[in-house]
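Chemist: Under my numbering, read the sequence shown as residues 854 to 1075, first letter to last.
Using N, Cα and C, we set each Cβ at its ideal position, and we do this for glycine too.
All of these numbers come straight from a predicted model, not from anything done at the bench.
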Amino acid sequence: MISTERKDVTPLIMWLVLFLGIIVLVFIRSSRAIGIWKEYPINFDSVFSGLYIVWMLIELRVSKKDVHTKGKETSDFATCQLYGLGQALTILTALWFPSVWRGPNVAHFVGSIIFLLGICYRLWAIRTLGQFYSHRVRTVAQHSIVISGPYHFTRHPAYAGMIMANAGISMYFMNWVTTSVFLFLLGALYPSANRNRKKTLFRIEGYSEFAKKRKRLIPAVW
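1) With DSSP run on the structure shown, which of helix, strand or coil describes K1068?
2) The alpha helix (DSSP H) spanning W1029 covers which residue range?
3) Quick one: using the 10 Å Cβ neighbour count with 16 as the cut-off for buried, is F968 buried or exposed?
4) Give me the Cα-Cα distance between S916 and W890, rounded to the nearest whole angstrom.
5) Buried or exposed: V1034, going by 16 or more other Cβ atoms within 10 Å of its Cβ?
6) Please report the straight-line C-alpha distance between K1065 and V1030, rounded to a whole angstrom.
7) Rounded to whole angstroms, what's the CA-CA distance from R1067 to A1011? Just pull it up for me.
8) Could you compute how far the alpha carbon of F1076 sits from the alpha carbon of I911?
9) Checking 9 Å against the spacing of the C-beta atoms, do N1019 and G971 come in under that value?
10) Terminal residues of the continuous alpha helix (DSSP H) containing G956?
11) Can you tell me whether F1037 is buried or exposed? The criterion is at least 16 other CB atoms within 10 Å of its CB, across all chains shown.
12) Please work out which residues of its chain come closer than 6 Å, Cβ to Cβ, to R885, disregarding the five sequence neighbours upstream and downstream, and give them in chain order.
13) Taking the continuous alpha helix (DSSP H) assigned at P1003, which residues delimit it?
14) On the CB-based measure, 16 or more other CB atoms within 10 Å of its CB, does R1008 come out buried or exposed?
15) Could you give the C-beta distance for W954 and A960, rounded to a whole number, given that I count them as a contact under 8 Å?
16) Find out if the Cβ-Cβ distance for the pair M1015, R975 is shorter than 9 Å.
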């Protein structure tokens, strides 16, 4: 583990770049003649992107908190950035590349629902964990085990919510670049992140017993 007293502004820089990137790509996408919503009074791609931005704004306070690393022990500086890159590439490639869908269909509805459910589940986990939540795998003074809310069912509900949200993005926009990023970048990062979690979390008193009674991501399955 690395104990540090410096400030790391990387999460805020990545947040700002992603925010601006989404804004630019929404305008580019909406101006394309091939847009499937051109016959409708509302461009639902833009609405979807707006919901993503709302999600970003809600989690901005966590990124601000993560800037101050003083007094905390952190073990995954690189993993945090890679996760951020994976999520950014998922939404940015979704907005840039044309969808395989040639018109509005049920996949847009289902993808939107999965996306919103994932966000709600993740925010529920963040709210439940309170001061102990961070985008990084780290411990703070007097860290204790939280067993309420979604943590009653699984060990990593915030991560599960993030996966659900990005799965919804992939289904809604559906192009092979976005799907590949989602499956092979975000998915491939989980083993590394899980190793970091184990190194950190299993040192907390009582976490071993907590983990024995709960699956990682999906209740009663895995």
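Modeler: Taking the structure as given:
1) Position 215 of the sequence shown, counted from the first residue, corresponds to residue 1068. Note: K1068 maps to strand in three-state DSSP.
2) In the sequence shown, counting from the first residue as 1, residue 1029 sits at position 176. For W1029, the enclosing alpha helix (DSSP H) has its first and last residue at 1029-1034.
3) For the purposes of this step, residue 968 is taken as the residue at position 115 of the sequence shown. F968 comes out buried.
4) Your numbering for residue 916 matches position 63 in the sequence shown. Your numbering for residue 890 matches position 37 in the sequence shown. Taking the straight line from one Cα to the other gives about 34 Å.
5) In the sequence shown, counting from the first residue as 1, residue 1034 sits at position 181. Counting Cβ neighbours within 10 Å, V1034 comes out buried, since at least 16 surround it.
6) Working through the sequence shown from its first residue, we reach residue 1065 at position 212. Working through the sequence shown from its first residue, we reach residue 1030 at position 177. Each residue's alpha carbon lies about 37 Å from the other.
7) For this step, residue 1067 is matched to residue 214 along the sequence shown. For this step, residue 1011 is matched to residue 158 along the sequence shown. Distance between the alpha carbons of R1067 and A1011 is about 14 Å.
8) Nothing can be reported for residue 1076: it is not among the residues displayed for the chain, which extend from 854 to 1075.
9) Counting from one through the sequence shown, the residue named residue 1019 turns up at place 166. Counting from one through the sequence shown, the residue named residue 971 turns up at place 118. In this structure, the beta-carbon distance from N1019 to G971 falls below 9 Å.
10) The count along the sequence shown starts at 1 and reaches residue 956 at position 103. Careful: G956 lies outside any alpha helix (DSSP H) and carries neither H nor E.
11) Mapped onto the sequence shown, residue 1037 falls at position 184. The residue in question, F1037, is exposed, as its Cβ has fewer than 16 Cβ neighbours within 10 Å.
12) As a first step, residue 885 must be located in the sequence shown, where it is residue number 32. Correct list: empty, nothing qualifies.
13) Translated into positions along the sequence shown, residue 1003 becomes position 150. Neither: P1003 is in no alpha helix (DSSP H) and is coded neither H nor E.
14) Working through the sequence shown from its first residue, we reach residue 1008 at position 155. Classification of R1008: buried, given that the 10 Å Cβ count is 16 or more.
15) Here residue 954 is taken as the residue at index 101 of the sequence shown, counted from 1. Here residue 960 is taken as the residue at index 107 of the sequence shown, counted from 1. Rounded, the Cβ-Cβ distance is 6 Å, consistent with contact.
16) Here residue 1015 refers to the residue found at position 162 of the sequence shown. Here residue 975 refers to the residue found at position 122 of the sequence shown. Closer than 9 Å, so yes.
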